[in-house]
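Read in order, the letters of the sequence shown correspond to residues -19 to -1, 1 to 561 in mature numbering (1 follows the signal peptide of the UniProt record, and there is no 0).
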Amino acid sequence: MTLLASLGLTGVGAGQAGAAPEPTPRPNVFQVPPDLDAQDFALTQDSALAPDGGAPTIVPNDRLRAAGTPAPSPAPTPSPPSPPSAARPCAAMAEQPVVDGRPILAQLPPAAAFRVGGINKQFWQNPPVKDPTWRLYFWSLRWVGPLVRRAQADDQKVSVEALLQQVARFYVDNPDTGKSTLGWDEGGSLRRLETLNCLYRMTGDSRLPALMAKEVNVQFGPRYYGPPYHAVHNHGLMANLRVVDAGTLVDRPDWVQRASARLRSESGLAFTSRGTSYEQSSQYQAINATLWNDAARTLEAVHPGDPAIAPIRAAVARAYHVAEWLTEPDGKIVQIGDATKAPGRVATGRTETAFRDDAGGLIVGRWSWKDPNTSYYTVRYGPRLRAHGHHDKTSVTWSTAGARVLVGSGYFSYERTNPFAAYQRSPESANVAIPVGRQLDVRQSARLHSATLRSTRHRYMLTDRVYGVNHSRSVDVDHPSKTLIVADAFPAGQAGHQIWNLDPAWQLVSARGGAKIAIFRHPDGRSLRIDTTGALASAVRGSTRPVAGWNYPGPQQRVAAWQVKVRWNGGTVRTTFTVR
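#1: Please name the residue or residues paired with H439 in a DSSP beta bridge.
#2: Can you tell which of G185, L421, S394, D338 has the C-alpha that lies nearest to the C-alpha of Q537?
#3: Could you give the C-beta distance for S390 and Q488, rounded to a whole number, given that I count them as a contact under 8 Å?
#4: Short check: CB of V545 to CB of L517, under 8 Å?
#5: What's the call for L222, buried or exposed, on a 16-neighbour Cβ count within 10 Å?
#6: Report the residue from P400, A476, H430 whose alpha carbon sits nearest the alpha carbon of S524.
#7: Could you give the distance in angstroms between the alpha-carbon of G551 and the alpha-carbon of T514?
#8: What are the residues that DSSP puts in a beta bridge with T308?
#9: Could you pull out every unbroken alpha helix (DSSP H) segment of at least 4 residues lying fully inside the region 137 to 161, listed in chain order?
#10: Grab the span of the alpha helix (DSSP H) containing K546 for me, first residue to last.
#11: With distances taken Cα to Cα, identify the nearest neighbour of Y392 among P504, Q103, S262.
#12: Taking only the alpha-carbon atoms, compute the straight-line gap between P288 and I344 and give it to the nearest angstrom.
#13: Given this structure, state the Cα-to-Cα distance separating E409 from S376, to the nearest angstrom.
#14: Do L180 and V153 have their CB atoms nearer than 8 Å?
#15: Hey, quick one: how far does the beta strand (DSSP E) through T378 stretch, first residue to last?
#16: For residue 562 and Y118, I'd like the C-alpha separation in whole angstroms.
#17: Looking at C-alpha atoms only, which residue of D338, I480, K463, G494 is the closest neighbour of D469?
#18: For the region 266 to 274 against the region 297 to 317, do three or more pairs of beta-carbon atoms, one drawn from each stretch, fall closer than 8 Å, so that the two count as touching?
#19: Measuring straight from C-alpha to C-alpha, what distance separates K463 and W543?
#20: Could you pull out every residue in the same chain whose Cβ sits closer than 7 Å to the Cβ of Y362, ignoring the five residues on either side in sequence?
#21: Can you give me the C-alpha to C-alpha distance between L280 and R367, rounded to a whole angstrom?
#22: On the three-state DSSP scale, how would you describe S28?
#23: Give the straight-line distance between the Cα atoms of D27 and L465, rounded to the nearest whole angstrom.
#24: If we ignore side chains and look at the alpha-carbon of each, how far apart do F104 and I268 end up?
#25: To which residues of the same chain is R555 closer than 6 Å at the C-beta, ignoring the five residues directly before and after it?
#26: Quick check on DSSP: helix, strand or coil for H211?
#27: Using only the alpha-carbon positions, how far apart do L174 and K195 sit?
#28: I need the straight-line Cα distance from T253 to T378, nearest angstrom please.
#29: Would you please state the rounded distance, in angstroms, between the beta carbons of V388 and V560? I believe it to be under 8 Å.
#30: Apart from the five residues just before and just after L145, which ones in its own chain have a Cβ nearer than 6 Å to its Cβ?
#31: How many whole angstroms separate the CB atoms of G325 and P416, which I take to be in contact at a CB cut-off of 8 Å?
#32: Cβ atoms of P310 and P364: under 8 Å apart, would you say?
#33: Give the straight-line distance between the Cα atoms of A132 and M183, rounded to the nearest whole angstrom.
#34: For Y210, which residues in the same chain have their Cβ closer than 6 Å to its Cβ, ignoring the five residues on either side in sequence?
#35: For a test of the three-state rule: what should DSSP assign to A251, helix, strand or coil?
#36: With distances taken from CA atoms, which of P113, A75, P156 is nearest W124?
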């Protein structure tokens, strides 16, 4: 008899075969999240959206067992108390029983089902799916947790043991060689430690602490994603939270102290003084704010009265403030850097009309915090590309009259060989100007030269040498007339292209090569007129060769959208967008 396990948040489907055959239900197939960080965000989203910036809802440790199920034995009593974030990895449970005596077939689409206990060295080291996110999930062992939780809740000791043996075999068949390969990079390790913490919390199994130590060693070595090897990053933060949790679970105060010290020292390096995340992504703005909120709560749990707690919470409050700015009038986040069209952090009681952070390279403007038809815009500049940012220096997004007009590409995947992922990171997916025949210099930054704010009109001037030649851009947003004017200048004789990416809702009415006007219509009946002093070079939608004209509302999701390209032969070009 066989149990076919479809793993993740939806649980397990069971089928039986015997002397009297019974119909086999279709398995519940769980689509593995294309981005594990996005999954972390989903688990912390309550905090990001809470009007008071409160903490996310945490599943208490005692709810990791079904009602009436005896507590695991032996199960140490953590001292000091376990950090509140520790229960999250165990928040899911398989819906159907994991019955003793039946082989367990795990199914992680698109791979064929594999048998728990039958994964050999070759399978660990050469998994059947090339996608890096699939492999990250597979090597993280996160798929084991829901099965163990259900088997333990049903007192299926044989199944629990089979699953724990498979976890232990991972370290025998795929040991750490000191390199960031085969799941032993920092990201895979921190997620596997998360799994081990969860399993230990549920079972108290004596084999797990030694495995946890292997993962902690990764995070205390040169693979750690944080100072002094790398800039402060959410991966390093997550690793430290997992190490503190592990240390409290298995009574390793040295782990707790070392990871806590890193939380203290790195907390002032995650955000600018105004609260903008250095990771250059509107979605990771909320993710980092929530994670650092968890860090403050973790420090409070293990070091009550720690003087670092208050400064961290002040930084988190500023970060949530910026997350409010990064929420469009439609209630979802603006797509800057790696960002989906996720729900934002809505604020209605504010009156400011512009936010500027030179250190973070971010300008945001809006004329109302309540009216969904208000004009809203962002401008990117500042430091070189980092973390989850895109090649978007001097780029603009713009919404007005209840519709998004100019948008960023969003997030498709991290797979380096995928052409749609490559497009997501390219300058052509941002609303920028590109000089013909010049190469992008990723080391360059962009500078805000001037800003003029009037009651109904905001104007900015930016300069850069991102392509090795002088470039200036003026951005002029007029709220009453629902107009955006962008002017770009390269040296005389240097031809260039303006790239404009429209929201997928806009439909082409008229445009032709060489013309100076293009007209688009929105499903709500509004029209968009594009006037330029240059000439329309192209208008493409959903092109695959080359990839162009796409928006990514979510991981592995692509929606065709119009991309308009304007060409001019040097000097200044001015393009005007008007919504009626």
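For glycine and all other residues, C-beta sits at the position ideal for the given N, C-alpha and C. Keep in mind the model is a prediction, meaning the values are calculated, not measured.
Taking the definition as stated:
#1: Bridge pairing for H439: L434, V458 [DSSP].
#2: By alpha-carbon distance to Q537, the top candidate from G185, L421, S394, D338 is S394.
#3: At roughly 19 Å, the Cβ-Cβ gap does not stay under 8 Å, so S390 and Q488 are not in contact.
#4: In this structure, V545 places its C-beta atom within 8 Å of the C-beta atom of L517.
#5: When all chains shown are included, L222 counts as buried.
#6: Closest by alpha carbon: P400.
#7: Cα to Cα, the separation comes out at about 12 Å.
#8: Note: T308 sits in a beta bridge opposite I314.
#9: You should have 138 to 154.
#10: Per DSSP, K546 belongs to no alpha helix (DSSP H); it is in the beta strand (DSSP E), 543 to 549.
#11: Closest in alpha carbon position to Y392, among P504, Q103, S262, is S262.
#12: Linking P288 to I344 through their CA atoms gives a straight-line distance of about 32 Å.
#13: For E409 and S376, the gap between their C-alpha atoms comes out near 10 Å.
#14: Inclusion of L180 and V153 in the CB contact set at 8 Å is not warranted, their separation being larger than that value.
#15: Note, T378: beta strand (DSSP E), 377 to 381.
#16: Here the chain has residues from -19 to 561 only, and residue 562 is not among them.
#17: Measuring C-alpha to C-alpha distances from D469 to each of D338, I480, K463, G494 identifies I480 as the nearest.
#18: Enough Cβ pairs lie closer than 8 Å, so yes.
#19: Rounded to the nearest angstrom, the two C-alpha atoms are 20 Å apart.
#20: Within the same chain, Cβ atoms closer than 7 Å to the Cβ of Y362 are found at G342, K374, T375, A427, R428, L429, L443, the five residues on either side in sequence being excluded.
#21: Looking at the two C-alpha atoms, the distance is approximately 28 Å.
#22: Only weak support is given to the placement of S28: the predicted model assigns it a pLDDT of 30, under 50, and the value that follows is read from those uncertain coordinates. Reduced to three states, the DSSP call for S28 is helix.
#23: Caution applies to D27, whose pLDDT of 30 falls short of 50 and renders its modelled position unreliable; the value that the coordinates give is listed next. Straight-line Cα distance between these residues: approximately 35 Å.
#24: Taking the straight line from one Cα to the other gives about 33 Å.
#25: Excluding sequence neighbours, R555 sits near A468, T514.
#26: In the structure shown, H211 sits in coil (DSSP, three-state: anything other than H, G, I, E or B).
#27: Distance from the CA atom of L174 to the CA atom of K195, rounded to whole angstroms, is 9 Å.
#28: Going from the Cα of T253 to the Cα of T378 covers about 22 Å.
#29: Contact between V388 and V560 is absent: CB atoms are separated by about 14 Å, not below the 8 Å threshold.
#30: The answer, listed in chain order, is D186.
#31: A Cβ-Cβ separation of about 34 Å leaves G325 out of contact with P416 under the 8 Å criterion.
#32: Contact: no.
#33: CA-to-CA, the gap between A132 and M183 works out to about 11 Å.
#34: Non-local C-beta neighbours of Y210 in its own chain, meaning closer than 6 Å and more than five positions away in sequence, comprise P203, ordered along the chain.
#35: Correct three-state label for A251: coil.
#36: Answer by Cα proximity: A75.
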